[in-house]
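A short worksheet on the structure shown next.
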Amino acid sequence: MRVSLVRHTAVVKDVVTVCYGVTDVGLRDTFEEEAALVSLEVAPIARNSDVIFTSPLLRAKRLAHHCGYVTAVEDNRLKEMDFGDWEMKPWSEILTTNDISCFFRSYIDQPTPNGESLTDQKNRVKSFLDDQKRKGYGQILVFCHGGVINCARSIVLGASLEDAFAYLPPYGSITNLEY
1 MRVSLVRHTA VVKDVVTVCY GVTDVGLRDT FEEEAALVSL EVAPIARNSD
51 VIFTSPLLRA KRLAHHCGYV TAVEDNRLKE MDFGDWEMKP WSEILTTNDI
101 SCFFRSYIDQ PTPNGESLTD QKNRVKSFLD DQKRKGYGQI LVFCHGGVIN
151 CARSIVLGAS LEDAFAYLPP YGSITNLEY
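The opening position of the sequence shown corresponds to residue 1 in UniProt numbering, with each subsequent residue numbered one higher.
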């Protein structure tokens, strides 16, 4: 099965300063321009896709709708990682009020407080991919998030999560995988 994963466009909140995952955050005022470029790139992929999916988070869903796919199937397994108590807190606060050294030694399997781990996220992405493969789809198009894309890369390429997360796909980019 061919899987084309589209990362949402740039967000207002900068991930360098604020921790966000499952929180709906706004898109930059350049959304229309960014989305127009993405729309041109995804059109030929969409024509050959059996089904189009989107994360229910607004930053992905808005891009899918802008590209003309208002009936894209929403799937909760395509959400970004849930950072739990860390959602929307400044990284500067998180780094000074939590045992960060412990977390970063075990972040693959250790969930954030009241959130999830990368393994949790990878498991739900794998569940999504496995379900689509079982349905016999030859091509799917997915509007989602950088973390979802990196989990899919880890699953499909057999890379460790550490290796998969060494690179974050750019906003509005398309990652093509065979699963």
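Idealized CB from N, CA, C, for every residue including glycine.
- Every alpha helix (DSSP H) of 4 residues or more that sits fully in the region 21-82 is shown, in chain order, as 31-47 and 58-66.
- A residue is called buried once 16 or more other Cβ atoms fall within 10 Å of its Cβ, and residue 3 is buried on that count.
- In the DSSP annotation of this structure, residue 17 is not part of any beta strand (DSSP E), being labelled neither H nor E.
- Taking all protein chains shown into account, residue 117 has 16 or more neighbouring C-beta atoms within 10 Å of its C-beta and is therefore buried.
- Excluding the 5 residues flanking it on each side, residue 72 has same chain C-beta neighbours closer than 7 Å at 52, 53, 54, 64 and 143, in chain order.
- In its chain, beyond the 5 residues on either side, 28 and 171 have a beta carbon closer than 6 Å to the beta carbon of residue 10.
- Taking a contact as a CB-CB distance under 8 Å, the pair residue 106 and residue 67 does not count as one, their CB atoms being some 38 Å apart.
- Residue 146 and residue 47 have their alpha carbons spaced roughly 24 Å apart.
- Residue 174 sits in a strand when the DSSP states are folded into three classes.
- Of all alpha-carbon atoms in 70, 162 and 110, the one lying nearest the alpha-carbon of residue 83 is that of 110.
- Within the region 84-154, the complete beta strand (DSSP E) segments of 3 residues or longer fall at 139-144, listed in chain order.
- DSSP places residue 5 inside the beta strand (DSSP E), whose first and last residues are 2-7.
- For residue 49 and residue 1, the gap between their C-alpha atoms comes out near 10 Å.
- In this structure, residue 179 lies away from residue 148, with their beta-carbon atoms at least 8 Å apart.
- About 5 Å separates the CB atoms of residue 88 and residue 23; that is less than 8 Å, so the two are in contact.
- Taking a 10 Å sphere around the C-beta of residue 79, we find 16 or more other C-beta atoms and assign the residue as buried.
- The straight-line gap separating the alpha-carbon atoms of residue 108 and residue 151 is approximately 11 Å.
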